[in-house]
Amino acid sequence: MLMFDLGMIRWTRKHTFSWRNFLRHRRKGESIIDCCAAPGGKTLYIASLLSGQGMVYAIDINEGRLRILKEMAKLHQVDGVITTIHVDMHSYTDNNAMKCDTVLLDAPCSGLHVLPKGRLTLEQWRLEDMEELKNLQDELLDFASR
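Sequential numbering from 1 applies to the sequence shown in the UniProt record's numbering.
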């Protein structure tokens with residue numbers, strides 16, 4: 001049976017969390033780790049709030065998307081406060097612990113909110129898929145909190 005039919009998926013129209021509130025409280029001189037950073041919209045915005053004072057460490061598993069983020073940082077003239085780190089957070093052990101003021105983790109989601117609304121798009125999602133995604137999110141939260 002489909003997850004939609006079981007009542008496990010429902011459509012919402014508004015985001016429940018405002019990034020604006022989080023981002024507005026960044027201060028010059030802060031060090032911030034942005035996990036799962038690519039493609040880099042939040043990273044670039046945070047870097048611009050630092051006004052050249054502080055550092056944003058942009059961590060992502062996708063090297064190509066990090067390369068684009070670096071190019072965009074140069075274009076926006078914030079490359080002096082962004083350091084990209086290409087790593088799979090699963091392999092980033094306690095030996096690589098970083099000190100910072102803030103950790104941002106925008107964990108991968110199902111992406112269902114960007115798909116056209118309708119049953120056909122939901123047929124590809126099984127309970128096992130959602131469980132796997134939940135486990136990935138849990139693991140990323142564990143690694144980000146170290």
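Don't be surprised by glycine CBs; every beta carbon is placed ideally from N, CA and C. Values in this document were obtained by computation on a predicted structure and should not be read as measured data.
Considering only their Cβ atoms, is the gap separating residue j from residue i smaller than 9 angstroms?
i             : j                 : result
isoleucine 61 : valine 81         : no
valine 78     : leucine 50        : yes
threonine 102 : serine 31         : yes
leucine 69    : alanine 107       : no
methionine 89 : phenylalanine 143 : yes
cysteine 100  : isoleucine 33     : yes
leucine 140   : cysteine 35       : yes
glutamine 53  : lysine 28         : yes
leucine 44    : histidine 76      : yes
In the structure shown, what three-state DSSP assignment does residue i receive?
i             : result
leucine 49    : helix
glutamate 139 : helix
glutamate 132 : helix
Going by DSSP, which residues form a beta bridge with residue i?
i          : result
valine 103 : Ile33
valine 25  : Residue 25 is actually histidine in this sequence, not valine. In the DSSP output, where bridge partners are listed per residue, histidine 25 has none listed.
Of all the options the options, which has the alpha carbon lying nearest to the alpha carbon of residue i?
i             : options                         : result
lysine 42     : Gly29, Ser145, Ala58 and Lys28  : Ala58
serine 145    : Thr83, His25 and Ala97          : Ala97
glutamate 64  : Asn135, Gly40, Lys28 and His76  : Reading the sequence as shown, one finds glycine at residue 64 and not glutamate. Comparing Cα-Cα distances from glycine 64 to each of Asn135, Gly40, Lys28 and His76, the minimum goes to Gly40.
isoleucine 85 : Leu133, Lys134, Gly52 and Arg67 : Arg67
| task | Go through the region 28 to 79 residue by residue and report every complete run of the alpha helix (DSSP H) that reaches 4 residues or more, in order. | result | Fully enclosed alpha helix (DSSP H) runs of 4 or longer: 41 to 49 and 63 to 75.
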